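Just so we're aligned: 290 in UniProt numbering is position 290 of the sequence shown, and the numbers increase by one with no gaps anywhere.
Worksheet: the structure to be examined is printed underneath.
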Amino acid sequence: MMDNRRPLTEAELLREADDAYISSYESETDTEEQEDEHFDQSNVEEDHRDTENETDDENTDRNKQYFLRRTNINAVIGEAYRNKPSKPVDSWNLLFDEHMLDIVVEHTNERITEMAAFYGDQALSCQFTNHIEKTELKAFIGLLLLSGAFKSHNEDVSSLWATNLTGRDIFRVTMTLKRFCFLCSALRFDDSSTRADRIQNGDKLAPISELFNLMIVNSQSNYSCGEYMTIDEMLVGFRGRCRYKMYMPNKPNKYGLKIMCLCDAKTHYLLNAFIYAGKDTSPNPRKLAVPTLNVLQLVQPIINSNRNITGDNWFSSIELVNELKKCGLTYTGTLRKNKGEIPTEFLPNNDRPALSTMFGFTKDLTILSYVPKKRKSVIMLSSLHHSDEIIQNEKRLPEIIDFYNSTKGGVDSLDQKVGFLPKYKL
């Protein structure tokens, strides 16, 4: 019998995915891990530890309300929706596809050819200097992921191949230690013969930019994030030679590559990112502040989607909120006390009682000053909220602060997961 059913349109497919997501979310029985109870103090002198949430159960309930308050738009899309991956490796292949693997194999083999020349005639008898194939590359990446699963990021690489019952058998049966170390040294992601020209033409991250950009494209092509997004910086620990290595004393690794990230506040899914290579690398004809430029670069995939962006006080400014409004987005974040647009009454003083809140409203913005204890204040800025709602509990937290606590941890959670991956220096 002929099937007369018409194929679903893209809008209908997304609507079905939305319904499936909401249904599965409402049926969850496991509560999520509690978000950090304190404000990020990396750029603020005052300690606001008194603004912690009152109980895990109450916070979990309110978090669910925030994530279900507006129309849920989380959905798998594109190739992920069509293929419906059933295994973790299938999902991984969507983000790190065959084309990317081909690039790594091609340029790594170019480097292996150069390195083998140092071994001379011995290279013919040294199996660990052979060219790599795609299957072996997948095995190599699998070992890197396994070492992260074993939380071996601070463990000496040779101990993973130890034969005194302290090593892991899967490492020894996959490849030899010499081969693993050789591949770590030979791994390349671009054509070294054209690298200098690409750097001269403005691609300062030429050694990795092609592969990094392909991964971001795949990330955006396979998942539609929710209505609440988080922007923050992530420091990938690294102490080798690199002109873009940053020193950030407030981070656990302190030295590394600074990556600006846009993540889903609930699922921590990375939607967009770029490696920070200096404040003068982006065109700035309108003379906008660097944090504003960074945010505008990150939010390009979600312009005019009515999503909300949560950020810390390094990003927050009236300028940023106005620019995001032009992009069809709202913003919520903490505000530094040295901003000239803050009314004097909102700054810390001796007259305001503890647990009190002062609000200020314009047509598009809300600013508040919350006093967690005497002579301290937390200042928030939001274009999403337009009410003076206070949560009636012992802390009397404004609803804006509670929302901020619920949505600020997207990038931090991703950073914590990435921190388990190994960073071998051989």
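All residues carry an ideal CB built from backbone N, CA and C; glycine is no exception.
Please read these numbers as outputs of a predicted model, since none were measured by experiment.
Residue i by DSSP, collapsed to three states: which one?
| i | result |
| --- | --- |
| Glu233 | strand |
| Pro398 | strand |
| Val104 | helix |
| Tyr269 | coil |
| Gly167 | coil |
| Asn349 | coil |
| Asn154 | coil |
| Asn201 | coil |
| Ile77 | coil |
| Ile309 | strand |
| Ser316 | coil |
| Arg69 | With a pLDDT of only 48 at Arg69, under 50, the local geometry of the prediction cannot be trusted, and the value read off the model is given with reservation. Here Arg69 sits in helix by DSSP. |
| Thr303 | A quick correction: the sequence has Ile, not Thr, at residue 303. Ile303: coil per DSSP, three-state reduction. |
| Leu288 | coil |
| His99 | helix |
| Ala354 | coil |
| Asn187 | For clarity, residue 187 is Leu in the given sequence; the question names Asn instead. Here Leu187 sits in coil by DSSP. |
| Cys181 | helix |
| Glu323 | helix |
| Ser42 | Low confidence applies here, because Ser42 scores a pLDDT of 37, under 50, leaving its location unreliable; read the following figure in that light. Reduced to three states, the DSSP call for Ser42 is coil. |
| residue 439 | The question about residue 439 has no answer here: the residues shown for the chain are numbered 1 through 426. |
| Glu210 | helix |
| Phe128 | helix |
| Glu133 | coil |
From the DSSP output, read off the bridge partner residues of residue i.
| i | result |
| --- | --- |
| Phe274 | Met260 |
| Lys245 | Leu257 |
| Ser382 | Thr332, Thr366 |
| Phe359 | Leu368 |
| Ile390 | Pro398 |
| Tyr228 | Asn308 |
| Tyr223 | Val76 |
Give me, in chain order, the residues of the same chain whose beta-carbon lies closer than 6 angstroms to that of residue i; leave out the 5 immediate sequence neighbours on both sides.
| i | result |
| --- | --- |
| Asp412 | none |
| Val371 | Arg352, Ala354, Ser356, Ser377 |
| Gly256 | Leu235, Val236, Gly237, Phe238 |
| Ala11 | Annotation note: pLDDT 48 at Ala11 (below 50); position unreliable, no value reported. |
| Phe182 | Phe128 |
| Cys242 | none |
| Ser221 | Gly78 |
| Cys263 | Thr230, Leu270, Gly410, Val411, Leu414 |
Enumerate in chain order the residues of its own chain whose CB-to-CB distance from residue i is below 7 angstroms, with the five nearest sequence positions on each side excluded.
| i | result |
| --- | --- |
| Ile216 | Asn272, Ala273 |
| Pro207 | Phe189, Asp190, Arg195 |
| Leu296 | Glu323 |
| Ser27 | For Ser27, the predicted structure reports a pLDDT of 42, less than 50, and the residue's modelled location is therefore unreliable. A value from the coordinates is still provided. Contacts found: none. |
| Glu341 | Ile318 |
| Asp415 | Met234 |
| Ile170 | Leu146 |
| Lys251 | Leu235 |
| Ala277 | Lys204, Leu205, Tyr244 |
| Arg198 | Ala206 |
| His131 | Asn109, Ile112 |
| Leu177 | Ser158, Trp161 |
Grab me the residues of residue i's own chain with a C-beta within less than 8 angstroms of its C-beta, minus the 5 sequence neighbours each way, in chain order.
| i | result |
| --- | --- |
| Leu365 | Ile318, Val321, Leu381, Ser382, Ser383 |
| Val104 | Leu137, Leu187, Arg188, Phe189, Leu211 |
| His385 | Thr332, Thr366, Glu399, Ile400, Phe403 |
| Ile303 | Cys327, Gly328, Leu329 |
- Query: Does the stretch 246-261 come close enough to the stretch 109-121 to have 3 or more Cβ pairs within less than 8 angstroms?
  - Reply: no
- Message: For the structure I just gave you, are there three or more beta carbon pairs, one from the stretch 156-173 and one from the stretch 75-82, closer than 8 angstroms?
- Response: no
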